[in-house]
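Student:
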Amino acid sequence: MKRPIAGGAGGAAGVEVALPHPRAAGPRPLARLLESERLLATLLLTPAVLLLGVFIAYPFVMGVWLSLSSTSVGNPGQFVGLKNFAKAWDDSIFQIAFGNTFFYTFWATIFKLALGMWVALLLNRVFRGMRLVRAAMLLPFIIPTVLSTFAWRWMFDPSFSVLNWTLYKTGLIATKLPFLSDGTWALWCAIVINTWRGMPFFAITLLAGLQTINPDLHEAASLDGANGWKRFWHVTWPLLKPVTIVVVVFSIIQTFADFQLIYVLTGGGPANSTHLLATYAYQLGVATGLLGEGAAVSLFMFPVLFAVVCVQLWYVRRMEGA
Amino acid sequence: MNTAKPEDNAPSQQQVNRRSFIKTAGVAAAAAGGIEGILAARRAPAFAQGTKLHIVRWNDFIPEADVWLKKEGMPAASKALGAEVTIETIGFNDLQPRITAAVQSGAGADIFMLYYNWPHLYANALVDVSDVAGEVAKAQGGFYGVFEPSMKVGGKWLGMPHSIVGNTIAYRKSWFKEVGFGAFPKTWDELRKAAAELKKKGRPYGQTLGHTFGDAPTWAYPLMWSFGGAETDKSGKKVAVNSKGTLDSVKYMTALWKEGCDEGGLAWDDSNNNRAFHAGEISASLNGASIYIVAKRQKDKLKDEKGEPLYLDIDHGSFPLAGGVGQFPLYFSNGHGIMKYSKNQKPAKDLLRWIHTKENFEKWFQACEGYSVAPTTDWEKHAMWGKIDKPLQMFRTAARNTRIFGYAGPATAKSTEVYSKYIIVDMYANAASGKMKPEGAVKWAETELKKIYEA
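Chain order of the listed sequences is A and B.
First residue of the first sequence: 1, per my numbering; consecutive thereafter.
First residue of the second sequence: 323, per my numbering; consecutive thereafter.
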């Protein structure tokens, strides 16, 4: 069939194009349905929505419900409003765990950022065995946390610590250092392990960011007489800031909700001095069977993490708008 | 002439007619479904084909006990019951997460091992096993006193008592002798003196005050009770921990800690003391029989400073010590619970009956060599006690006088909350570490206990 080209003045132009021959009965119903953008979008989004609903939304809503109820293991419980939150707030162990979580997250993130940046700057140079070193850097991040924490626990062991043994044999100490048997020491030990484990993530991500910076910028700054520090502060840092913000935000979320490390290293002891919100919530919910109270303790993390995510989203949008 | 009717003949493996089946089932039913019925019928009970039973227990500190269960015990039970029994052993700390997940999802193992007073914690999810408990108690001399408050809830046995891991103090005979103690100290004061002398020689007493389920609470609670302290009054509703008895016990612990203990114990778990003892780092420690048994089984590896097998220099001293208002231990009592969601409750009960039949239990009991004692008193008379090494013989009567936490009140779920939060252990840890004064530590414990018991 030949029709005049669209926009043409009927047959006046005298140009005709060939168009596909439409089926006499029109498109099949399925094809017609799929041509609807709205329907197709719904179909394509459904699996993702289902996954998010089942694995993210449902547990979250369930957690909120549990925190507002007197549910214990095998007992559905009743709605108790904010009673669990009030009880937790008044609980001295919770108060320690709450303070520890902020302390642990703050210092671990600072150390991871500082060391990660330093290592990234070193790895950004060209040297022999560069690729091997970069790959090896990731090892602490790859090893399962439980395994690496067990290894650290042995190194900090009150009786058989290799660190104590080495320091003693070299004459640097006369008595054992109380790595895990003193509350303050134990919390700092946990921060050291968290830094060791998380620093490679910072280093590799910042390294990726560094490699996107055009070397000409550094060269131009050098020609202008900028020293190493000024080149870092005025060239590297501003360009690396977006990556850094994202890495820091991810790290805060992970560190704030850390569980495995403390659970394996100290179990929250000695005398609750290393409990974090996650480990205390577990102790209440699982060991004591108080699912409602455990959920309430863990939900204390939510406002903090929500604020962190909001800051991240705000920053990302601002960067996109810039 | 044979006058017997055909149905009087014992049924053969190949030939089972309806009448003989009913008779067989009748025998079993007459024995209240008991193991005697199963044995009398000489065949497995008529469970549906393909019946499977799943039992979850801890990894025993005596591996040979688990080996027997896995290689001989449960295969024999499968044969006897006509059901496929699967046994799974997991770490103690993984038991509660598994139970919680199973109860909340309504699916999982048919039988779980239960410790201390866990039946109070999972009361809504457990099947009444009073019939099995009643039969076993009646046939074997009655349960030790600790089980009734621990495993009986609302007049029903929700946990079937299985065994008790007794605790005594493993000590180095020669080292104690060197500081003037030919036998283990009898009183708390003597222990303090001996520990102080030993610590001066670099051989401190080893005790955990960490967050660990076994040795820390089994030390802390009996210490408090020995000095007359208690969590609550008899009603369990009024906190009574802030008393002279408790304060004296905390002061004692603080002094013992500084003068005689390995101060790294604040970070120990339940296995640290075993390792420290075997390495010659400590002179004594509260323990089940595992320090001795492992030292004996590894006698070629574990030697004392003279090169002699270490186990020859180990003996056990009574715990708790005398000198207070009494001696009341907290031992690691345990049992089994059948889950309400299980579709195999009847076979599960029969498995518990099978486990507690004298001839079956005896094999497991002997594999433990005294590390675990039976739940009933008759087993104190068992010939094994005369055959095992002398240092292990004191475990024979170890389970007598055992208390459970919550004392002087009932062992409710609230007392489990106190235990799970390590409040009593931390009361001692706070004072021993110098973080709080003894008075402050007791006051702290009182405040925490009030939030639980009086809320």
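For glycine and all other residues, C-beta sits at the position ideal for the given N, C-alpha and C.
Which residues mark the beginning and the end of the alpha helix (DSSP H) in which A/T101 is found?
Tutor: Start and end: S92 to L123.
Student: Would DSSP call B/K668 helix, strand or coil?
Tutor: If DSSP states are grouped into helix, strand and coil, B/K668 belongs with the helices.
Student: Against chain B, with Cβ distances strictly below 8 Å, would A/P215 count as a contact?
Tutor: It does not: the Cβ of A/P215 has no partner Cβ on chain B nearer than 8 Å.
Student: Determine which residues of the stretch 737–761 of chain B have a Cβ less than 8 Å from any Cβ of chain A, and write them out in chain order.
Tutor: Cβ contacts with chain A come from T738, E739, S742, K743, Y744, D748, A751, N752, S755 and K757.
Student: DSSP three-state label for B/I604, please.
Tutor: B/I604 falls in the coil class under three-state DSSP.
Student: Look at the alpha carbon of A/C310 and the alpha carbon of B/Y466, and state the distance between them as a whole number of angstroms.
Tutor: Roughly 59 Å between the two C-alpha positions.
Student: Could you check whether the Cβ of B/L422 sits closer than 8 Å to any Cβ belonging to chain A?
Tutor: One detail in the question is off: residue 422 of chain B reads as Thr in this sequence, not Leu. Closer than 8 Å to some Cβ of chain A, the Cβ of B/T422 qualifies, so yes.
Student: Please classify B/S427 as buried or exposed, where buried requires at least 16 other C-beta atoms within 10 Å of its C-beta.
Tutor: Under this definition B/S427 is an exposed residue.
Student: Does DSSP put A/R318 in a helix, a strand or coil?
Tutor: A/R318 falls in the helix class under three-state DSSP.
Student: Which residue marks the beginning of the alpha helix (DSSP H) containing A/W233, and which one marks its end?
Tutor: Unbroken run through A/W233: none, as it is neither H nor E.
Student: Kindly indicate which three-state DSSP category B/G586 falls into: helix, strand or coil?
Tutor: Three-state DSSP puts B/G586 in a helix.
Student: What does a CB cutoff of less than 6 Å around B/I377 pick up in its chain, not counting 5 residues either side in sequence?
Tutor: Hits under 6 Å: I409 and I433.
Student: So, at 7 Å on beta carbons, what are the nonlocal neighbours of B/F343 in its own chain, with the 5 sequence-adjacent residues on each side left out?
Tutor: Interpretation of B/F343 is limited by its pLDDT of 41, a score under 50 that renders its predicted location unreliable; no figure is taken from the coordinates.
Student: Would B/P419 pass as an interface residue toward chain A - the criterion being a Cβ-Cβ separation below 8 Å?
Tutor: Answer yes: the Cβ-Cβ gap between B/P419 and chain A drops below 8 Å somewhere.
Student: Does the Cβ of B/A455 have 16 or more other Cβ atoms within 10 Å, making it buried, or fewer, making it exposed?
Tutor: B/A455 comes out buried.
Student: Between B/Y653 and B/N489, which are expected to be in contact by the criterion C-beta below 8 Å, what is the C-beta distance as a whole number of angstroms?
Tutor: With a Cβ gap of about 6 Å, B/Y653 and B/N489 count as contacting.
Student: Short of 7 Å in beta carbon distance, which residues of its chain neighbour B/K625, apart from the five on each side in sequence? Order them along the chain.
Tutor: P631 and L632.
Student: B/M435 by DSSP, collapsed to three states: which one?
Tutor: Reduced to three states, the DSSP call for B/M435 is strand.
Student: Quick check: the Cα distance between B/A398 and B/N666, rounded to an integer number of angstroms?
Tutor: C-alpha separation (whole angstroms): 18 Å.
Student: Taking A/M137 as the reference, give the member of A/W196, A/G77, A/T255 and A/A221 with the closest Cα.
Tutor: Comparing Cα positions, the closest option is A/W196.
Student: Since B/G464 and B/T738 should fall inside the 8 Å C-beta cutoff, what is the C-beta to C-beta distance between them, to a whole number of angstroms?
Tutor: Between B/T738 and B/G464 the Cβ distance is about 25 Å, and since that is not below 8 Å, they are no contact.
Student: Using Cβ-Cβ distances below 8 Å, what residues of the stretch 521–549 of chain B are close to chain A?
Tutor: Those residues of the stretch 521–549 of chain B that come within reach of chain A (Cβ to Cβ, closer than 8 Å) are L531, G532, H533 and T534.
Student: Can you check the stretch 193–248 of chain A for any alpha helix (DSSP H) of at least 4 residues that lies completely inside it and give the ranges in chain order?
Tutor: Here the runs fully enclosed are 215–223 and 228–231.
Student: What number of angstroms, rounded off, separates the C-alpha of B/D511 from the C-alpha of A/I110?
Tutor: Looking at the two C-alpha atoms, the distance is approximately 50 Å.
Student: By how many angstroms is the C-alpha of B/Y527 removed from the C-alpha of B/L608?
Tutor: Approximately 9 Å between the Cα atoms of the pair.
Student: Note down, in chain order, every chain A residue with its Cβ under 8 Å from the Cβ of B/N594.
Tutor: Neighbours of B/N594 on chain A, chain order: D157, P158 and S159.
Student: Checking the sheet assignment: what are the DSSP bridge partners for B/D637?
Tutor: B/D637 is bridged to B/Y493.
Student: Tell me the rounded alpha-carbon separation between B/D748 and B/N723.
Tutor: Answer to the nearest angstrom: the Cα atoms are 25 Å apart.
Student: Can you check whether the CB of B/G610 is closer than 8 Å to the CB of B/F383?
Tutor: In contact: B/F383 and B/G610 (Cβ atoms closer than 8 Å).
Student: How is the alpha helix (DSSP H) around A/S67 delimited, first residue to last?
Tutor: Run containing A/S67: Y58 to S67, per the alpha helix (DSSP H) assignment.
Student: Can you name the start and end residues of the alpha helix (DSSP H) that B/H484 belongs to?
Tutor: Looking at the DSSP string, B/H484 is not in any alpha helix (DSSP H); the run it does join, the beta strand (DSSP E), is M482 to V487.
Student: In this structure, how does DSSP classify B/G464 when only helix, strand and coil are distinguished?
Tutor: In this structure, B/G464 counts as coil in the three-state DSSP scheme.
Student: Suppose you measure from the CA of B/P732 to the CA of B/D622; what does that come to, to the nearest Å?
Tutor: The alpha-carbon atoms of B/P732 and B/D622 are separated by roughly 47 Å.
Student: List the residues that DSSP assigns as beta-bridge partners of B/V695.
Tutor: According to DSSP, B/V695 bridges with B/I486.
Student: Whose CA, out of B/W497, B/T530 and B/G532, lies closest to the CA of B/A517?
Tutor: Ranking B/W497, B/T530 and B/G532 by Cα distance to B/A517 puts B/W497 first.
Student: A/A270: buried (16+ other C-beta within 10 angstroms of its C-beta) or exposed?
Tutor: Correcting the residue type first, residue 270 of chain A is Pro in the shown sequence and not Ala. Buried, by the Cβ-count rule.
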